[in-house]
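Novice:
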């Protein structure tokens with residue numbers, strides 16, 4: 001039976017996704033490997049080998065789910081590998097909105113909320129986000145965004161509902177996002193793990209994990225790479241984006257694993273702000289644990305992999321060297337033929 005969201009996908013959109021996926025064979029960000037779900041071009045599975053930067057040498061699994069209105073609306077990127085990252089919502093929390101309001105309140109019908117493991121694209125592709133621009137684009141198309149449909153894999157895309165009664169023409173928002181391709185999204189995702197400058201430039205309102213955002217900035221300030229900023233009113237509670245054990249208070253009134261700053265009070269945790277806690281060393285500890293867990297045999301070859309489309313073979317060193325030798329021999333055979341092509 002064809003999934004409902006796939007039945008709403010037009011032939012043009014389907015062909016566009018297939019073309020974009022095929023182009024990755026010739027131009028794909030280094031260290032990124034993608035696989036297409038059989039029979040569903042809207043759901044891609046991938047693995048990132050982080051070869052440099054603050055998250056090296058982690059191996060991270062993720063999925064990309066494209067809505068029927070892509071590229072007018074953004075895809076949903078979700079990581080199944082648990083990693084402490086400013087742009088990734090923790091797997092142990094419920095939802096985190098991508099549109100923080102000054103009041104800190106979030107509607108239960110927030111169209112842009114991220115699921116656990118969701119990767120925030122708001123910083124890299126701001127034209128895709130914002131309730132005002134989204135509603136304006138919907139009015140221009142003459143339709144409305146329906147509730148996201150969940151596929152067989154459990155991944156859903158924000159605003160993946162189909163728009164009806166479309167009118168000719170392209171809205172300003174569509175024009176800004178029509179030049180964004182899956183390659184651009186993948187390149188940005190990779191840069192968020194291997195480029196410190198990208199992480200330094202992420203604002204708090206674009207973070208998927210505010211706790212990781214503060215921990216990263218504390219780490220960079222400690223190294224002297226960025227200047228400390230005296231923050232004003234926080235736009236979210238300190239506990240948003242933290243795991244259950246991090247959100248618990250110790251006997252001293254501080255969250256587990258952290259120290260309470262001098263002069264602090266024993267006020268309820270909901271009244272505390274991220275800047276009021278001592279984040280020193282938190283990023284290093286959490287990321288080290290996440291990286292080590294991502295390359296462990298249990299994560300690469302264990303039962304937790306399940307039916308993931310991208311899987312690894314547990315091979316010994318001799319088998320790997322044999323495969324490398326076969327690849328070298330095949331390349332030596334093909335190279336003279338390529339030189340003869342005019």
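In the UniProt record's numbering, the protein residues as written are 1 to 342. Positions of the beta carbon are idealized from the N, C-alpha and C atoms, including for glycine.
How would you call residue 55, buried or exposed, if buried means at least 16 neighbouring beta carbons within 10 angstroms?
Specialist: buried
Novice: Is residue 81 closer than 8 Å to residue 294 when the C-beta atoms are compared?
Specialist: yes
Novice: Strictly by DSSP, which residues pair up with residue 18?
Specialist: Partner(s): none; residue 18 has no beta bridge.
Novice: With 16 as the cutoff for other CB atoms within 10 Å, does residue 69 come out buried or exposed?
Specialist: buried
Novice: Pick from 197, 185 and 300: whose alpha carbon is nearest that of residue 126?
Specialist: The candidate whose alpha carbon is nearest that of residue 126 is 185.
Novice: Only counting the same chain, and skipping five residues up and downstream in sequence, which positions put a Cβ closer than 7 Å to that of residue 301?
Specialist: 312 and 314, listed in sequence order.
Novice: Which residues in the same chain have their Cβ closer than 8 Å to the Cβ of residue 52, if we skip the five residues on either side of it in sequence?
Specialist: 194
Novice: Taking all protein chains shown into account, decide if residue 326 is buried (16 or more other Cβ within 10 angstroms of its Cβ) or exposed.
Specialist: exposed
Novice: In the DSSP assignment, what residue or residues form a beta bridge with residue 88?
Specialist: 119
Novice: Please name the residue, chosen from 38, 48 and 37, that lies closest to residue 59 on a Cα-to-Cα basis.
Specialist: Comparing Cα positions, the closest option is 48.
Novice: Would you decide whether residue 40 is buried or exposed? Buried here means 16 or more other CB atoms lie within 10 Å of its CB.
Specialist: buried
Novice: Look up residue 51 in the DSSP assignment and say whether it is helix, strand or coil.
Specialist: coil
Novice: Based on Cα-Cα distance, which residue from 197, 207 and 29 lies nearest to residue 220?
Specialist: Distances from the CA of residue 220 to each of 197, 207 and 29 were compared; the closest alpha carbon is that of 197.
Novice: When the Cα atoms are used, what is the spatial distance from residue 309 to residue 222?
Specialist: 41 Å
Novice: Could you give the DSSP three-state label for residue 220: helix, strand or coil?
Specialist: helix
Novice: Rounded to whole angstroms, how far is the Cβ of residue 88 from the Cβ of residue 117, which I believe are closer than 8 Å?
Specialist: 7 Å
Novice: For residue 34, which of 64, 215 and 115 has the nearest alpha-carbon?
Specialist: 64
Novice: If you run the structure through DSSP and keep just helix, strand and coil, what is residue 283?
Specialist: helix
Novice: Are the CB atoms of residue 85 and residue 206 within a distance shorter than 8 Å?
Specialist: For residue 206 and residue 85, no; Cβs fall outside 8 Å.
Novice: Output the boundary residues of the beta strand (DSSP E) element that contains residue 77.
Specialist: 76-79
Novice: Using the Cα positions of residue 76 and residue 333, report the straight-line distance between them to the nearest angstrom.
Specialist: 42 Å
Novice: Quick one: complete alpha helix (DSSP H) runs, 4+ long, within the region 173-207?
Specialist: 182-194 and 196-200
Novice: Hey, could you find the ends of the beta strand (DSSP E) residue 33 is sitting in?
Specialist: Taken as a continuous stretch (DSSP letters only), the beta strand (DSSP E) holding residue 33 covers 32-36.
Novice: If I follow the unbroken alpha helix (DSSP H) through residue 60, where does it start and stop?
Specialist: Premise fails: residue 60 lies in the beta strand (DSSP E), 59-65, not in any alpha helix (DSSP H).
Novice: Going by alpha carbons, who is nearest to residue 280 out of 208, 290, 214 and 62?
Specialist: 214
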